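Note that the sequence shown ends on residue 301 in numbering that gives the first Met the number 0; no numbers are left out. Inspection log for the structure reproduced underneath, given as structure tokens.
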Amino acid sequence: MKDLTKYQGIFPAFYACYDEHGNISPERVKALTEHFIQKGVAGLYVGGSSGECIYHSVAERKLVLENVVSQAAGRIVIIAHVACNNTADSMELAAHAESLGVDAVAAIPPIYFKLPDRAIAKYWNDISAAAPNTDFIIYNIPQLAGVSLSRSLLRTMLQNPNVIGVKNSSMPVLDIDEWRDEGVVVFNGPDEQLLSGLAAGAAGGIGGTYGVMPELYLKIFRLVQEQKIREARQIQDSCRALIVLMCSAQGNLYAVLKGILRVNDKLDVGGVRAPLMNLVPEDLPIVEEAARRIKELELKYL
């Protein structure tokens with residue numbers, strides 16, 4: 000019987016870390032990893048949307064994961080997202096992740112071509128077969144992947160004993176209820192509804208904005224455990240308002256988040272990779288206001 004309790008809690012989605020020339024910076028990867036560990040998070044989700052994975056080569060994705068795992072040194076749970084838009088590269092990344100000793104690998108479905116469930120299941124099972132001793136987590140993000148996880152597809156995947164969970168980034172909270180009914184660990188994906196996801200039975204959350212305000216999301220998680228829903232809702236409402244502010248910038252959300260890290264934590268992990276848009280001068284007041292409001296919320300709630 001697998002011990003799945005390690006998958007409870009708050010898991011920031013790891014940001015891509017670049018040097019001044021836009022190349023992966025191992026030093027900045029390690030610095031960001033240590034930053035999150037010191038914040039007390041349960042684990043990290045590496046190589047997903049927040050990690051700009053679809054704009055990285057296989058070699059770059061390996062380099063990021065190697066440095067995260069090296070710096071973490073077993074102190075937190077590491078989930079490695081390994082999906083590429085072809086099976087061979089995905090299997091290569093899965094095998095590499097297992098060789099590093101990650102706790103789990105995860106994968107979105109193949110994107111662009113609309114494939115039948117049997118093809119998606121084979122893609123996921125092939126990836127899992129490349130990491131036969133590692134837990135496998137399905138990443139359901141239909142608004143970007145163009146494919147929604149169905150209950151029948153999940154049941155097919157559960158014939159694979161390595162499949163233990165779903166990172167659910169669809170907006171309907173009902174999906175969390177359905178996947179949980181199938182006996183898997185479910186991570187809430189949309190940061191705006193962490194509280195709702197936890198109330199629906201999610202074991203924890205994986206989120207992109209967790210990286211700039213992890214203590215606030217950690218507090219939401221603790222308050223839910225203590226059944227203090229009203230107090231948790233106040234923080235969740237504040238976080239949701241902040242996300243709206245962050246998304247009002249012209250630059251990509253991840254560029255905004257990295258800007259906030261520079262302001263509040265004096266941590267520079269670079270910009271974002273084209274075709275994602277970096278910050279423009281008009282975005283700087285938004286970054287500064289968001290950074291200020293995070294500090295105010297921390298003083299108020301922590």
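Glycine residues also receive a C-beta, built at the ideal position from the N, C-alpha and C atoms. Given the structure is predicted, the values throughout are model-derived calculations rather than measurements.
Going by DSSP, what residues sit across from histidine 80 in a beta bridge?
As a working note, residue 80 is residue 81 in the sequence shown. Histidine 80 pairs with Ala105.
Comparing alpha-carbon positions, which option in Met156, Tyr111 and Ala202 lies nearest valine 304?
A question about residue 304 goes unanswered here, because the residues of the chain that appear run from 0 up to 301.
Between the CA atoms of arginine 150 and asparagine 167 - distance to the nearest angstrom:
Working through the sequence shown from its first residue, we reach residue 167 at position 168. Working through the sequence shown from its first residue, we reach residue 150 at position 151. Straight-line Cα distance between these residues: approximately 13 angstroms.
Helix or strand or just coil, what does DSSP make of valine 67?
Within the sequence shown, the letter at position 68 stands for residue 67. Here valine 67 sits in helix by DSSP.
Run through DSSP, which three-state label would alanine 118 get?
Along the sequence shown, one-based indexing puts residue 118 at 119. It is helical.
Helix or strand or just coil, what does DSSP make of isoleucine 219?
Reading the sequence shown from its first residue, position 220 is the one you call residue 219. Three-state result, isoleucine 219: helix.
Once the 5 residues before and after valine 183 are set aside, which same chain residues still bring their CB inside 8 angstroms of it?
For the purposes of this step, residue 183 is taken as the residue at position 184 of the sequence shown. Counting only Cβ-Cβ distances below 8 angstroms, and skipping sequence neighbours, we find Leu153, Leu157, Val162, Ile163, Gly164 and Val165.
Leaving out five residues on either side along the sequence, give the residues of the same chain with a beta carbon under 6 angstroms from the beta carbon of lysine 38.
By one-based count along the sequence shown, residue 38 stands at place 39. Closer than 6 angstroms at the Cβ level, and outside the excluded window around lysine 38, lie Pro213.
Taking the Cβ atom as the reference point for each residue, do isoleucine 77 and valine 101 lie within a distance shorter than 9 angstroms?
The residue you call residue 77 lines up with position 78 of the sequence shown. The residue you call residue 101 lines up with position 102 of the sequence shown. A contact, by the Cβ cut-off of 9 angstroms.
Measure the beta-carbon distance from leucine 31 to valine 268 and round it to whole angstroms, keeping in mind my assumption that it falls under 8 angstroms.
Numbered from 1 along the sequence shown, position 32 holds the residue referred to as residue 31. Numbered from 1 along the sequence shown, position 269 holds the residue referred to as residue 268. Going by Cβ atoms, the distance from leucine 31 to valine 268 rounds to 6 angstroms, so yes, they are a contact pair.
Name the DSSP beta bridge partners of phenylalanine 186, please?
As a working mapping, residue 186 is identified with position 187 in the sequence shown. DSSP, once it has assigned bridges, lists Lys166 and Gly203 as partnering phenylalanine 186.
Which residues in the same chain have their Cβ closer than 6 angstroms to the Cβ of valine 185, if we skip the five residues on either side of it in sequence?
Position 186 of the sequence shown, counted from the start, is the residue given in the question as residue 185. Same-chain partners within the cutoff: Val165, Asn167, Ile175, Trp178, Arg179 and Ala201.
Residues of its chain near glutamine 235, where Cβ-Cβ distance is below 7 angstroms and the 5 sequence neighbours each way are ignored:
To locate residue 235, count along the sequence shown from 1; it is residue 236. Taken in chain order, the residues that qualify are Leu193, Leu194 and Ile219.
Flag this pair as yes or no: are the beta carbons of glycine 210 and proline 25 separated by less than 9 angstroms?
As a working mapping, residue 210 is identified with position 211 in the sequence shown. As a working mapping, residue 25 is identified with position 26 in the sequence shown. No, the pair does not count as a contact, with Cβ atoms beyond the cut-off.
Count the other CB atoms, across all protein chains shown, that sit within 10 Å of the CB of histidine 80; report buried if there are 16 or more and exposed otherwise.
By one-based count along the sequence shown, residue 80 stands at place 81. With 16 or more Cβ atoms within 10 Å of its Cβ, histidine 80 is classed as buried.
Report the rounded CA-to-CA distance for leucine 266 versus leucine 260, giving the unit in angstroms.
Locating residue 266 in the sequence shown gives position 267, where the first residue counts as 1. Locating residue 260 in the sequence shown gives position 261, where the first residue counts as 1. Going from the Cα of leucine 266 to the Cα of leucine 260 covers about 6 angstroms.
Which whole-angstrom value is the C-beta distance of tyrosine 6 and serine 49, which I expect to be below 8 angstroms?
If you number the sequence shown from 1, residue 6 lands on position 7. If you number the sequence shown from 1, residue 49 lands on position 50. The pair is not a contact, with the Cβ atoms about 18 angstroms apart (cut-off 8 angstroms).
Beta-carbon spacing of valine 67, leucine 92 below 9 angstroms
Translated into positions along the sequence shown, residue 67 becomes position 68. Translated into positions along the sequence shown, residue 92 becomes position 93. No, the pair does not count as a contact, with Cβ atoms beyond the cut-off.
Name the DSSP bridge partner or partners of alanine 12?
Here residue 12 refers to the residue found at position 13 of the sequence shown. According to DSSP, alanine 12 bridges with Tyr44.
For isoleucine 75, which of helix, strand or coil comes out of DSSP?
Residue 75 sits at position 76 when you count from the first residue of the sequence shown. It is coil, neither helix nor strand.
What are the boundary residues of the alpha helix (DSSP H) that tyrosine 300 is part of?
Locating residue 300 in the sequence shown gives position 301, where the first residue counts as 1. 283-300 is the span of the alpha helix (DSSP H), which, as asked, contains tyrosine 300.
For tyrosine 54, the three-state DSSP class (helix, strand or coil):
For this step, residue 54 is matched to residue 55 along the sequence shown. Helix, per DSSP.
Where histidine 55 and threonine 133 are concerned, what is the direct C-alpha to C-alpha distance, given to the nearest angstrom?
As a position in the sequence shown, residue 55 is number 56, starting the count at 1. As a position in the sequence shown, residue 133 is number 134, starting the count at 1. Cα-Cα distance, rounded: 23 angstroms.
For threonine 208 and asparagine 124, I'd like the C-alpha separation in whole angstroms.
For this step, residue 208 is matched to residue 209 along the sequence shown. For this step, residue 124 is matched to residue 125 along the sequence shown. The alpha-carbon atoms of threonine 208 and asparagine 124 are separated by roughly 30 angstroms.
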